[in-house]
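Residue numbers (the UniProt record's numbering): 1 to 99.
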């Protein structure tokens, strides 16, 4: 069976159409790949931003905790000094009275 000129042209036409479809799909895949890369970069940047914000808040919380600890320590020291100054003279008097 001999292949005619018209059949060869039909086959070439199909091949060209197939190559165009392959090119279109490749371009679509490339576009999706680039879009995915862009989305990943944006998500990574957002994650980095949130991490930095969390770190900043942690440092601020740590600073407030240390300040609170210092204030409580100072309060305890002042309270202790107050009690000592109020109780010590009375204790001396009581010990002296009771022998």
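Ideal Cβ placement from N, Cα and C applies to all residues, glycine included.
Please read these numbers as outputs of a predicted model, since none were measured by experiment.
Open item on the list: So for residue 80, helix, strand or coil by DSSP?
Closed with: helix
Task: Helix, strand or coil at residue 47 [DSSP, three-state] - done: helix
Task: Rounded separation between residue 84 and residue 95 - CA only - done: Annotation: residue 84 to residue 95 spans about 15 Å, alpha carbon to alpha carbon.
TODO: Give every residue of the same chain whose Cβ lies closer than 6 Å to the Cβ of residue 9, excluding the five residues on either side of it in the sequence, and list them in chain order.
DONE: none
Task: Secondary structure of residue 4, DSSP reduced to three states - done: Residue 4 carries a coil assignment under DSSP once its states are collapsed to helix, strand and coil.
Open item on the list: Can you give me the C-alpha to C-alpha distance between residue 52 and residue 77, rounded to a whole angstrom?
Closed with: 37 Å
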